[in-house]
């Protein structure tokens, strides 16, 4: 096996647009579940709304890239309101079922041929970064930048820079919110919403605000992902939500930097398994084909998630006392 190539490809997973998009969406889950106690299994839907809102605004309505991104964020707010108004009075498993169903309904709407002129159906949307001017806004001259496995062309470097700026802003905003009186109320709702309601607080309104803020983070993750690849309904499937939950629980749900670190670790492991498992199959160590070995990583991710929830549900940086599902 070519361990040098495997190591190089694994280290490259430390910093990619996908890693940044995952970190943003995982921050949204931290807002929903870690701090507010909302069991949201539809975060992929928020990512899809952000990405499609950006792409459709540029391609169909001719908006510039920055206005299209604002439209994508606004669309996530509308989606949160539509989903939250009838469902936020539900708790636990019931809320999880509704949110995962809402995200799947949304994906099927983007997939259907009824709206193909706008959504592109199964083919998705592409070309919006050029038409909207995102690519033209690249401040880096053409060329290659970086060193070793972290070598990027100017387009990728611009996408990474933009994603890092958005991620830093989102992390700072969430940190500030959780240190504020509003954040203390949100944590109180997570612990005992009946007690908070007895203090005269409008629990439903606070939950809705938390759902909107976390949804905006998820939409920003979808937008960052859309700056590096085409928008397609095949990306925003249910498995994406479970990958994000894995990244969240790995780093720590009720933390700020835990979801970011968890996303990085998750994608480094994904890059490692994607390269090493087919190599093991080719060498005859694994008694499966290369394609079967590549898909084996999903089995390992599932097993890892189960072990994580059982033995360290608080994650790397989390506090077990703040995890509502272990009580």
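Numbering (the numbering used here), first residue to last: 879 to 1205. Ideal Cβ placement from N, Cα and C applies to all residues, glycine included. This structure is a prediction, so every number in the text was calculated from the model and none was measured.
Chain-order list of residues whose beta-carbon lies under 6 Å from that of residue i (same chain, five-residue window excluded)
i            : result
residue 949  : 931, 935
residue 1205 : Confidence in residue 1205 is poor, its pLDDT being 40 and thus under 50, which makes the residue's placement too unreliable to answer from.
residue 1118 : 922
residue 1093 : 924, 954, 958
residue 1139 : 1129
residue 1024 : 1030
residue 1004 : 1108
residue 1006 : 933, 936, 937
residue 1020 : 1032
residue 1189 : none
residue 997  : 988
Bounding residues of the beta strand (DSSP E) (the contiguous stretch that carries residue i)
i            : result
residue 1031 : 1028 to 1031
residue 1024 : 1022 to 1025
Pick from the options that is closest to residue i, judged by C-alpha positions
i            : options                : result
residue 966  : 911, 1048, 1142        : 911
residue 969  : 937, 918, 1037, 1130   : 918
residue 1109 : 1002, 1076, 1156       : 1002
residue 1142 : 1157, 1158, 1130, 1125 : 1125
residue 1159 : 1148, 1172, 1147       : 1172
residue 1176 : 1162, 1120, 1157       : 1120
residue 897  : 1122, 883, 991         : 1122
residue 971  : 920, 1051, 999, 995    : 920
residue 1026 : 1146, 1145, 905, 886   : 886
residue 938  : 1010, 1053, 1031, 1090 : 1010
residue 1116 : 983, 901, 993          : 983
residue 913  : 1074, 998, 1088, 1193  : 1088
residue 1000 : 906, 1114, 1061        : 1114
residue 905  : 940, 1146, 1056, 1163  : 1056
Simplified DSSP state of residue i, which is helix, strand or coil
i            : result
residue 1003 : strand
residue 1109 : strand
residue 1133 : coil
residue 1012 : coil
residue 880  : coil
residue 938  : coil
residue 1019 : coil
residue 998  : coil
residue 1194 : coil
residue 1049 : helix
residue 1038 : helix
residue 1140 : helix
residue 1115 : coil
residue 919  : coil
residue 891  : coil
residue 926  : helix
Residue interval of the alpha helix (DSSP H) (run including residue i)
i            : result
residue 1163 : Unbroken run through residue 1163: none, as it is neither H nor E.
residue 906  : 895 to 907
residue 1206 : Examination of residue 1206 is not possible in this model, given that the chain is present from 879 through 1205 alone.
residue 976  : 970 to 989
residue 1073 : 1059 to 1076
residue 964  : 943 to 965
Same chain, Cβ closer than 7 Å to residue i, neighbours up to 5 away in sequence not counted
i            : result
residue 963  : none
residue 1084 : 1063, 1064, 1067
residue 1196 : 1130, 1131, 1132, 1133, 1136
Same chain, Cβ closer than 8 Å to residue i, five either side skipped, listed in chain order
i           : result
residue 895 : 1034, 1037, 1038, 1041, 1102, 1103, 1105, 1106, 1107
residue 883 : 1153
- request: Inspect the CB distances between the segment 884 to 893 and the segment 1146 to 1156 and report whether three or more fall short of 8 Å.
  value: yes
message: Tell me whether the segment 948 to 964 and the segment 1080 to 1098 touch, counting them as touching only if at least three CB pairs, one residue from each stretch, are closer than 8 Å.
response: yes
Stretch-stretch touch, CB-based, cutoff 8 Å, three pairs: the segment 970 to 985 with the segment 1046 to 1055: no
query: So, do the segment 920 to 927 and the segment 1104 to 1122 have three or more beta carbon pairs nearer to each other than 8 Å?
result: yes
query: Would you say the segment 1180 to 1192 touches the segment 1157 to 1171, given that touching needs at least three Cβ pairs under 8 Å?
result: no
- request: For the segment 938 to 947 and the segment 1071 to 1084, state whether three or more C-beta atom pairs, one from each stretch, are separated by less than 8 Å.
  value: no
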